[in-house]
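*Asks:* Next up is a structure, given as structure tokens.
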Amino acid sequence: MIPSINPDVSGKRGSWMVAVGLFALGSTVSAAVLGAALGTVGSIVKPILPSKAAWTLAAASAFGYALHELSIFRLPRPQRRRQVPSGWRVRYHPWTAALLYGTALGPGILHYIEASTYYLVLSWAFLVGDPILSALLMGVFGFSQALPHLLAGWRVDSPEASYRTGDRVLSYRALAHRVNGIGLSTAAVLTLFGTFLR
Amino acid sequence: MPQLVSLVRQFRPAQLVPVRGKKHLHLHLGRGQGGLLGRSLVLAGFGSLAGAGAWWAMVRFGSVPPTSAVFGVGFLLAALAGLTALWSP
Chain A
1 MIPSINPDVS
11 GKRGSWMVAV
21 GLFALGSTVS
31 AAVLGAALGT
41 VGSIVKPILP
51 SKAAWTLAAA
61 SAFGYALHEL
71 SIFRLPRPQR
81 RRQVPSGWRV
91 RYHPWTAALL
101 YGTALGPGIL
111 HYIEASTYYL
121 VLSWAFLVGD
131 PILSALLMGV
141 FGFSQALPHL
151 LAGWRVDSPE
161 ASYRTGDRVL
171 SYRALAHRVN
181 GIGLSTAAVL
191 TLFGTFLR
Chain B
1 MPQLVSLVRQ
11 FRPAQLVPVR
21 GKKHLHLHLG
31 RGQGGLLGRS
41 LVLAGFGSLA
51 GAGAWWAMVR
61 FGSVPPTSAV
71 FGVGFLLAAL
81 AGLTALWSP
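Right, dumping it as structure tokens:
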């Protein structure tokens, strides 16, 4: 995705910064809306949900997906195998396209899901059962999606340079999965301790 | 599961191996798939230890209630998931 999106935000530094900002805005708001919806549903079922069992299941899932990210075994990864429309890049002004891409990619459920950590974030947003906190949680997810564009595109001054940078970023794909594996196993233990050692 | 069994069979215990020209010992975790399994388990173990350590530090030195700690984990996961969400072609 990074090499696909960055050409839209290449060009003059000021214009590029505005585009990244609009991408972050769209991504954060749309993810927060999904978070609020999950939190609302979670708050409705919270009274009848066995809290400890639910958090234990979340911790077990986190550890399972940690092993998945570390390539020890495969777990199902339900997802909508679609990409965002590439035509937006030519049809709309770069700023409009960046906002649209951010809005479409923000919630994470409308396209390919790269890291399994996303499923745990969704379950967290649901289990917390508070619309505001869940919106904050998913908002962090949405905003974080803009940061790689900021880092990867900082020195990009042409579409060609953008694709080169994108290729370089993708060379760290395996590392990204390992980091997710470590993060998930850390989260699994912290969640278990937090659930039972209160 | 058969794949996991196969990986376990190929896995050799970690050993410290001296390498010519190097002053330090290298942690050798086997070859091929076994090495992959070994490395992955080490990473998962490292993550789990980090989680346990973070928990201990929060309980020992922090004044963070456990429920907040669990929620804090959610925020860290959200940031991690977001940072790596678009790491695809």
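The listed protein sequences correspond, in order, to chains A and B. So the first sequence is numbered by my numbering: it starts at 1 and just counts up by one. So the second sequence is numbered by my numbering: it starts at 1 and just counts up by one. Positions of the beta carbon are idealized from the N, C-alpha and C atoms, including for glycine.
(1) Is it right to say A/W16 is buried, meaning 16 or more other beta carbons lie within 10 angstroms of its own, or is it exposed?
(2) I need the DSSP call for A/I72, collapsed to helix, strand or coil.
(3) For a test of the three-state rule: what should DSSP assign to B/G72, helix, strand or coil?
(4) Just to confirm, is the Cβ distance from A/L137 to B/A78 under 8 Å?
(5) From this set, A/R91, A/S61, A/I72 and A/Y112, which residue's C-alpha is nearest A/V84's C-alpha?
(6) Per the contact definition of three or more C-beta pairs closer than 8 Å, is the stretch 23 to 33 of chain A in contact with the stretch 144 to 155 of chain A?
(7) With distances taken Cα to Cα, identify the nearest neighbour of A/L49 among A/G102, A/V128 and A/R173.
(8) Where does A/E114 sit, in a helix, a strand or coil, going by DSSP?
(9) CB of A/L57 to nearest heavy atom of the ligand MN: below 7 Å?
(10) Under a Cβ-count criterion, where at least 16 other Cβ atoms within 10 Å of its own Cβ denotes burial, should A/Y172 be classed as buried or exposed?
(11) Here's the rule: buried if 16 or more other CB atoms are within 10 angstroms of the residue's CB, otherwise exposed. What is A/H93?
(12) For A/T103, which residues in the same chain have their Cβ closer than 8 Å to its Cβ, ignoring the five residues on either side in sequence?
(13) Can you name, in chain order, every residue of its own chain whose Cβ lies under 8 Å from the Cβ of A/S116, other than the five neighbours on each side?
(14) Apart from the five residues on each side of it in sequence, which residues of its chain come closer than 6 Å, Cβ to Cβ, to A/L150?
(15) Taking CB distances under 8 Å as the criterion, tell me whether A/I109 reaches chain B.
(16) Secondary structure at B/R31, three-state DSSP: helix, strand or coil?
(17) According to DSSP, is A/A146 part of a helix, a strand, or is it coil?
(18) What residues from chain B crowd round A/G42, counting only those whose CB sits closer than 8 Å?
(19) Would you tell me roughly how many angstroms separate the C-alpha atoms of A/A176 and B/T84, rounded to the nearest one?
(20) Please identify the residue among A/A135, A/A174 and A/F196 whose C-alpha is closest to the C-alpha of A/V41.
(21) If I measure Cβ to Cβ from A/A187 and keep anything under 6 Å in the same chain, skipping five residues before and after, which residues do I get?
(22) By the DSSP assignment, the alpha helix (DSSP H) with A/R164 in it spans what residues?
(23) According to the Cβ coordinates, are A/Y140 and B/F71 closer than 8 Å?
*Replies:* A quick look at the data gives this:
(1) buried
(2) coil
(3) helix
(4) yes
(5) A/Y112
(6) yes
(7) A/V128
(8) coil
(9) Among the components of this structure there are no ligands whatsoever, and the ligand MN is therefore not found.
(10) exposed
(11) exposed
(12) G26, S27, V29 and S30
(13) Y65, H68, E69, L75, R77, N180 and L184
(14) V20
(15) no
(16) With a pLDDT of only 47 at B/R31, under 50, the local geometry of the prediction cannot be trusted, and the value read off the model is given with reservation. Residue state, collapsed to three classes: coil.
(17) coil
(18) Neighbours of A/G42 on chain B: none; closest Cβ ~12 Å, over 8 Å.
(19) 6 Å
(20) A/A135
(21) A62
(22) P159 to L170
(23) The sequence shown places Val at residue 140 of chain A, rather than the Tyr named in the question. No, the pair does not count as a contact, with Cβ atoms beyond the cut-off.
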